[in-house]
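A.B. asks: Sharing a structure below in structure tokens format, with a few things to ask.
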Amino acid sequence: MANSRHAVELKGAALELGGRAIWRDLDLKVDPGEFVAILGPNGSGKTSLLKVLLGLVPLTHGTAKLAGQIPRRGSSNVGYVPQRQSFDTDLPLRGRDLVRLGLDGHTFGFGFGGAEANGIVDDAVEAVGAQEYADAPIGLLSGGEQQRLRIAQALVGDPQVLLCDEPLLSLDLPHQRAVSNLINKRRREAKTAVMFVTHEINPILEYVDRVLYLVGGRWAIGTPDEVLTTEKLTELYGAPVDVIRVRDQIIVVGTGDTGMAVAGAHHSAHDHLSARRK
Amino acid sequence: MSELLLYLSQPFAQHALLAASLVAISCGLIGPFVISRRMAFAVHGTSELAFTGAAAGLLIGGNPIAGALIGSLVVASVIGLLGVREHERDSSIGVILAFGLGLGVLLLSFYRGFATEATNILFGNIFGVSNGQLLALLVIAIGVIAVMTFIYRPLMFASVDPEVALARGVAVRGLGIIFLFVLALTVTAAAQVVGTLLVLSLAITPAAAAQRLSAKPVLVTLLSVLFALIASDGGIMASLVLNTVKPSVLVTSTSFLIYIVARLFGGRVKSRRAEVVSV
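If you read the protein sequences in the order shown, they are chains L and G.
Under our numbering, think of the first position of the first sequence as 19, with each following residue one higher.
Under our numbering, think of the first position of the second sequence as 224, with each following residue one higher.
Here it is in structure tokens:
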């Protein structure tokens, strides 16, 4: 039944954390090579959804499947780009070592030998254009360079699904473009499905096939044109929300005291928090 | 020089060098992980409490090493239970350390034996290593080397990139606890050479020096072992020649000197790398 094989499939999925319902009755099918953006205010369960697909958090109800299998920790079907963390500048780890850990860091043993594995790492580094700085200490690289290597790390095992948690956060515009471009290229060439958690839709708007929008336990899925409308978001939030299109940008206004705006809002409370956390 | 060769033909000096080498290899292996996991304070805490254990061992059975071993393993368990996460860990270590050290002082005040036994715990007594102690150090060192070689890769993954490591199926918490016990054993062994107060000079300084010279993980580990060997064996040989100075002083000085040299020389390496990066 090859036609029933979705990259990601959720049926009647519900998640409760600490007795609080995060989302429920979630149905979702993602095809191989599809690019899905996951949007929503803080605490709406975007990262938790990725954790379910990584096998780190179990669903409360319903079923989840990833590449036809129940999600489990350590699956080679999935690549993961976590929220950005900073590395110490004197950490003895080169960019290529980070990529290498994605290949066999979970196996026991000493050292990082093997010509074959080195070749795979070289290819992954080259695919993201990081050859020039792959031998430099990771802590000395810029955010954009680290993020390229993160993507190489996530893709080095040749996964069928790529899960990204705010990979563009605190990157400048050229790096946002470069990183989104890389991810887009990968899903086109290797048919890797992409689930992309983000606060900002605009940098990836031209690539996104569908948007999953989570708000306070409710959700909507569809193309950006279907979901990112004044009517739809007003219905989701249960409060007046305006969606404005300026040239090819989408700006969402009035998502209220959640401190959150979907798009274009460079100065949302969340961005400030993230900057301070760094 | 001839004086040194004469000493080196004596069993007591040979025992001391063998013991110091075993300790140095263990310390050099764990050093880079102590730094990347930010566990310098855990090393210090464990070794201070090995002192409490040693004081208890001395008082009860006249056996400070067994006491130190039990003390550091108890501390590793308590740290593991109270919190493996960084900020939790630091505060819980601080709490245990302060209480444990006070207890150690109390225990020592009851001790009516030779005062040198007490200072040996604090500052080491490498020339007094008996055959039994040497055997214990050998067993500890082989255990530490075996475990560290086996868990090296996943431990590195869990240390530098815990979130992705967890998603990739690495037992991040389990490895953290195993490492705590490896660290406790190593610290107890190192306390025999440099004493509980100066353990960091073998468990941190060589690794810190190695990090100044390279960013290749395996090379840093090997350099860290090499520097620990030079510091401990070099320090002991120097103290054979200058026989008025305690070996632990010379071990810590040699280790510090290596760090200074690595910093002076390694700064250049790092900045050159940085230039390569920015081009």
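Think of the CB as a built atom: it goes at the ideal place given N, C-alpha and C, for glycine as much as any other residue.
Values in this document were obtained by computation on a predicted structure and should not be read as measured data.
Quick check on phenylalanine 479 (chain G) - is its C-beta less than 8 Å from some C-beta in chain L?
C.D. replies: no
A.B. asks: Indicate, with yes or no, if the ligand ZN has a heavy atom lying under 7 Å from the CB of valine 246 (chain G).
C.D. replies: The ligand ZN is absent from the structure shown, which contains no ligands of any kind.
A.B. asks: Could you please tell me which residues of the segment 162-176 of chain L, in chain order, have their CB closer than 9 Å to any CB of chain G?
C.D. replies: Glu163, Arg168, Gln171, Ala172 and Gly175
A.B. asks: Between the C-alpha atoms of glutamate 244 (chain L) and glycine 132 (chain L), what's the straight-line distance to the nearest angstrom?
C.D. replies: 50 Å
A.B. asks: Leaving out five residues before and five after phenylalanine 475 (chain G) in sequence, what residues of the same chain have Cβ atoms less than 6 Å from its Cβ?
C.D. replies: For the sequence presented, residue 475 (chain G) should be read as threonine rather than phenylalanine. So the qualifying residues of the chain are Leu421 and Ser424.
A.B. asks: Candidates G:Ile400, G:Asn354 and G:Gly351: which alpha carbon is nearest leucine 305 (chain G)'s?
C.D. replies: Nearest of G:Ile400, G:Asn354 and G:Gly351 to leucine 305 (chain G), Cα basis: G:Ile400.
A.B. asks: So the candidates are L:Ile40, L:Asp43, L:Ile138 and L:Pro110; which of them puts its Cα closest to the Cα of glycine 254 (chain G)?
C.D. replies: Per the Cα distances, L:Pro110.
A.B. asks: Could you check whether the Cβ of phenylalanine 126 (chain L) sits closer than 8 Å to any Cβ belonging to chain G?
C.D. replies: yes
A.B. asks: What did DSSP end up calling alanine 82 (chain L) once you bin it into helix, strand or coil?
C.D. replies: When DSSP states are grouped into helix, strand and coil, alanine 82 (chain L) belongs to the strand group.
A.B. asks: For glycine 235 (chain L), which residues does DSSP report across the bridge?
C.D. replies: According to DSSP, glycine 235 (chain L) bridges with L:Trp41.
A.B. asks: Assign glutamine 434 (chain G) to one of three DSSP states: helix, strand, or coil.
C.D. replies: helix
A.B. asks: Output, in chain order, the set of chain L residues within a Cβ distance shorter than 7 Å of phenylalanine 504 (chain G).
C.D. replies: An answer regarding residue 504 (chain G) cannot be provided, because it is not within the stretch 224 to 502 covered by chain G.
A.B. asks: Mind listing, in chain order, the continuous alpha helix (DSSP H) runs of no fewer than 4 residues lying wholly within the segment 156-200 of chain L?
C.D. replies: 161-173
A.B. asks: At a cut of 8 Å, does the segment 119-133 of chain L reach the segment 378-393 of chain G through at least three beta carbon pairs?
C.D. replies: yes
A.B. asks: Ordered along the chain, which non-local residues of its own chain (more than five positions away) have a Cβ less than 7 Å from that of histidine 267 (chain G)?
C.D. replies: Leu423
A.B. asks: Starting from the beta carbon of glycine 92 (chain L), find every residue of chain G whose beta carbon is closer than 7 Å, and list them in chain order.
C.D. replies: Arg391 and Gly392
A.B. asks: Report the three-state DSSP secondary structure of methionine 371 (chain G) (helix, strand or coil).
C.D. replies: helix
A.B. asks: Given that a residue counts as buried once 16 or more other Cβ atoms are within 10 Å of its Cβ, and exposed if not, what is glutamine 415 (chain G)?
C.D. replies: With 16 or more Cβ atoms within 10 Å of its Cβ, glutamine 415 (chain G) is classed as buried.
A.B. asks: Going by alpha carbons, who is nearest to methionine 186 (chain L) out of L:Ser198, L:Val179 and L:Gln178?
C.D. replies: The amino acid at residue 186 (chain L) is misidentified as methionine; the sequence shows leucine. Among L:Ser198, L:Val179 and L:Gln178, the Cα nearest to that of leucine 186 (chain L) belongs to L:Ser198.
A.B. asks: I'd like to know if valine 441 (chain G) contacts chain L, where contact means its C-beta is closer than 8 Å to some C-beta of that chain.
C.D. replies: It does; some Cβ of chain L falls within 8 Å.
A.B. asks: Do you know offhand how far glutamine 237 (chain G)'s Cα is from asparagine 354 (chain G)'s?
C.D. replies: Cα to Cα, the separation comes out at about 11 Å.
A.B. asks: Just by C-beta distance, which residues in the segment 68-91 of chain L are closer than 7 Å to chain G?
C.D. replies: For the segment 68-91 of chain L, which is checked against every Cβ of chain G, the residues closer than 7 Å are Leu72, Leu74 and Arg91.
A.B. asks: Could you list the residues in the segment 364-376 of chain G with a C-beta less than 7 Å from some C-beta on chain L, going in chain order?
C.D. replies: Thr372, Phe373, Ile374, Tyr375 and Arg376
A.B. asks: Measuring only between beta-carbons, confirm whether glycine 378 (chain L) sits less than 8 Å from chain G.
C.D. replies: Any answer about residue 378 (chain L) is impossible in this case: the structure gives chain L only from 19 up to 296.
A.B. asks: Leucine 109 (chain L) versus chain G: which residues are under 7 Å apart at the beta carbon?
C.D. replies: Ser259 and Val383
A.B. asks: Can you list, in chain order, the residues of its chain whose CB lies under 6 Å from that of proline 50 (chain L), leaving out five sequence neighbours each side?
C.D. replies: Ala25, Lys209 and Ala211
A.B. asks: Pull the bridge partners of isoleucine 56 (chain L) from the DSSP assignment, please.
C.D. replies: L:Val215 and L:Leu230
A.B. asks: Enumerate, from N- to C-terminal direction, the unbroken alpha helix (DSSP H) stretches of 4 or more residues contained entirely within the segment 244-310 of chain G.
C.D. replies: 263-284 and 287-305, all fully within the segment 244-310 of chain G.
A.B. asks: Between the segment 252-263 of chain L and chain G, which residues of the former have CB atoms less than 9 Å from a CB of the latter, in chain order?
C.D. replies: none
A.B. asks: Determine whether the Cβ of proline 155 (chain L) lies closer than 8 Å to any Cβ atom of chain G.
C.D. replies: yes
A.B. asks: Looking at glycine 347 (chain G) and serine 471 (chain G), is the spacing between their C-beta atoms short of 8 Å?
C.D. replies: yes
A.B. asks: With distance defined between alpha-carbon atoms, name the residue in G:Leu389, G:Ala265, G:Ile459 and G:Val395 nearest to serine 314 (chain G).
C.D. replies: G:Ala265
A.B. asks: Output needed for glutamate 226 (chain G): all residues of its chain with C-beta closer than 7 Å, excluding positions within five of it in sequence on either side, in chain order.
C.D. replies: Annotation for glutamate 226 (chain G): Val464 place their beta carbon closer than 7 Å to its own, counting only its chain and skipping 5 residues before and after.
A.B. asks: Using the DSSP secondary-structure output, state which residues sit across from glycine 97 (chain L) in a beta bridge.
C.D. replies: L:Leu180
A.B. asks: What is the rounded straight-line gap between the Cα of aspartate 115 (chain L) and the Cα of arginine 391 (chain G)?
C.D. replies: 16 Å
A.B. asks: Report the CB separation of serine 259 (chain G) from valine 410 (chain G) in whole angstroms; it is logged as a contact under 8 Å.
C.D. replies: Not confirmed; about 17 Å, so no contact.
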